[in-house]
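Enquirer:
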Amino acid sequence: VSDEALAGIYENYLNIKTTIDAKMKNGKYSLIPQDIDELEDTLYLMSESYANLTVPYEKVSLANKSIYGKDLRAQWQSVGNNSALLSEYANLSRKYFKLSSEFAPPLTNEEYGVLEAEYKQLAAGYDVYLQRSSGSLANAPSALSEKLSYPILGAASMFNERINLGDRETSIRIGLPVLVGVFDLALISVAVLIFLGGLVYFRKRFAKKFVYVVWGLLFAAGIIGAIVLSGGIYWLVGSGADNGTFSSFYAALENSNSTLVRVDTTHLSDPMLACVSSIKASLVARNKTVFLVYDSGSSCAVGNETLNGTSCILQLANMPIVSLKYSTRNAASYSNVYVQEATLQGDDTYFSACEFAKVIAT
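Numbering follows the working numbering, in which position 246 of the sequence shown is assigned residue number 287; successive positions increment by one, without gaps.
1) Rounded to whole angstroms, what's the CA-CA distance from serine 128 to glycine 285? Just pull it up for me.
2) Determine the extent of the alpha helix (DSSP H) in which threonine 390 is found, giving its start and end residues.
3) Kindly indicate which three-state DSSP category leucine 178 falls into: helix, strand or coil?
4) From this set, Ser374, Ser102, Val363 and Glu79, which residue's C-alpha is nearest tyrosine 153's C-alpha?
5) Out of Val231, Ser364, Tyr375 and Val380, point me to the one whose CA is closest to phenylalanine 392's CA.
6) Using the C-alpha atoms, what's the distance from alanine 227 back to glycine 261?
7) Mind reading off the beta-carbon distance from tyrosine 367 to aspartate 388? Whole number of angstroms is fine, and I expect it under 8 Å.
8) For the stretch 358-384, which segments carrying the beta strand (DSSP E) assignment without a break, of at least 3 residues, lie completely within its bounds, in sequence order?
9) Output the distance between the C-alpha atoms of asparagine 132 and alanine 104, rounded to the nearest integer angstrom.
10) With C-beta atoms as the reference, is aspartate 311 less than 8 Å away from aspartate 336?
11) Does the beta carbon of glycine 266 fall short of 7 Å from some heavy atom of the ligand NAD?
12) Is asparagine 105 helix, strand or coil when you go by DSSP?
13) Work out the CA separation of valine 302 and leucine 314 for me, nearest whole Å.
14) Comparing alpha-carbon positions, which option in Thr149, Ala394, Arg370 and Asn359 lies nearest valine 317?
15) Find the nearest neighbour of lysine 161 within the set Lys106, Arg214, Ala322 and Tyr51, judged by alpha-carbon distance.
16) Would you mind reading off the limits of the beta strand (DSSP E) that contains alanine 342?
17) Is the CB-CB distance between serine 174 and serine 119 below 8 Å?
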């Protein structure tokens, strides 16, 4: 921190120290105690002044780290969004890097105050963006599928106190088409009621066969429309179930006390294991209980327990999963309905960077 008061106190400290050294050299020991008292007072003032001056730096430093985390989240959340949202993110990111370049100590208290205010304003902008991008139209299918899964899981929990991942997947795969079917049946029932009510209410107007034909065609069109609509909803729900979003998975992590970190052991490497450790550390720092699962493809090792089967992971309790597996193509994909899973695929360079651990740490 650049501060004239602290510089003056430090200069006084150097002068007193020089005076004491000179008196010791000249053998004037009786005059030293007074200088030592003054030196003690000066050191106390220096300590107090330094402590007060580091507060502005620490505030701005924390704000910078917080924005770094928000920027990473926004970057991951921006994948697949429309051009307007991508442009908004790019603008926020430019402002962040500009502020970071201005955060170059030593600075005066006034300069730190200006930076702190600008960081607060930028943080608010990132919060608005993160909220808006999570609810964008591109995420609508995933959001719809996720919303429909809640009542299904609620009903399943009434029959089974402990739902494992397999129970969750089975319940939702059966429950989603049933819900859409109930919706379809409700639409058709309403159409039938309207048709029959119309026949009764307008019976005098249906003296001619032509009117009956028109009314019948309208009824048939309504039924076909209901079927097409329900089919569209089912397709939309199905596509959303298979293609999740980072924002939904991040929310699932937030709302769960436990997380599974699954490692594909068919192509294990030191960078991947280091990334696993980083992800675990980020989750533990957020008070999450982490279960490491080593999946060989035919069995899963969880602590001292071994589960057999190609789908051994489904035998474990229902909680979000972070899966790591080797691939020549670097990519992250998400499933938020049948299971809540983030799948990280990449090579050693990808896992060495391990950006996902930094993102979930915020």
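Backbone N, C-alpha and C fix where the C-beta goes; we use that ideal spot for every residue, glycine too.
Expert: Per the coordinate set shown:
1) Here residue 128 refers to the residue found at position 87 when the sequence shown is read from its first residue. Here residue 285 refers to the residue found at position 244 when the sequence shown is read from its first residue. Going from the Cα of serine 128 to the Cα of glycine 285 covers about 22 Å.
2) Here the question's residue 390 lines up with position 349 in the sequence shown. In this chain, the alpha helix (DSSP H) harbouring threonine 390 covers 389-394.
3) Here residue 178 is taken as the residue at index 137 of the sequence shown, counted from 1. In this prediction, leucine 178 scores a pLDDT of 49, lower than 50, which makes its location untrustworthy; the coordinate-derived value is nonetheless stated afterwards. Helix.
4) The count along the sequence shown starts at 1 and reaches residue 153 at position 112. For the residues Ser374, Ser102, Val363 and Glu79, the minimum Cα distance to tyrosine 153 belongs to Ser102.
5) Sequence index remark: in the sequence shown, residue 392 carries index 351 (1-based). Ranking the options by Cα distance to phenylalanine 392, first place goes to Ser364.
6) As a position in the sequence shown, residue 261 is number 220, starting the count at 1. As a position in the sequence shown, residue 227 is number 186, starting the count at 1. The question names glycine, but residue 261 is alanine in the sequence shown. Distance between the alpha carbons of alanine 261 and alanine 227: 16 Å.
7) In the sequence shown, the residue the question calls residue 367 occupies position 326. In the sequence shown, the residue the question calls residue 388 occupies position 347. Between tyrosine 367 and aspartate 388, the beta carbon gap of about 7 Å places them in contact (Cβ cut-off 8 Å).
8) 362-367 and 372-377
9) As a working mapping, residue 132 is identified with position 91 in the sequence shown. As a working mapping, residue 104 is identified with position 63 in the sequence shown. The straight-line gap from Cα to Cα measures roughly 18 Å.
10) In the sequence shown, residue 311 corresponds to position 270, counting from 1. In the sequence shown, residue 336 corresponds to position 295, counting from 1. Contact: no.
11) In terms of ligand content, the structure shown is empty, and the ligand NAD therefore cannot be addressed.
12) The sequence position of residue 105 within the sequence shown is 64, counting from 1. It is helical.
13) Within the sequence shown, residue 314 is the residue found at index 273, counting from 1. Within the sequence shown, residue 302 is the residue found at index 261, counting from 1. Distance between the alpha carbons of leucine 314 and valine 302 is about 11 Å.
14) Counted from its first residue, the sequence shown places residue 317 at position 276. Considering only alpha carbons, the answer is Ala394.
15) Position 120 of the sequence shown, counted from the first residue, corresponds to residue 161. Taking only the C-alpha atoms, the option nearest lysine 161 is Lys106.
16) The residue labelled residue 342 in the question sits at position 301 within the sequence shown. Unbroken beta strand (DSSP E) run through alanine 342: 340-343.
17) Walking along the sequence shown from the start, residue 174 turns up at place 133. Walking along the sequence shown from the start, residue 119 turns up at place 78. Yes.
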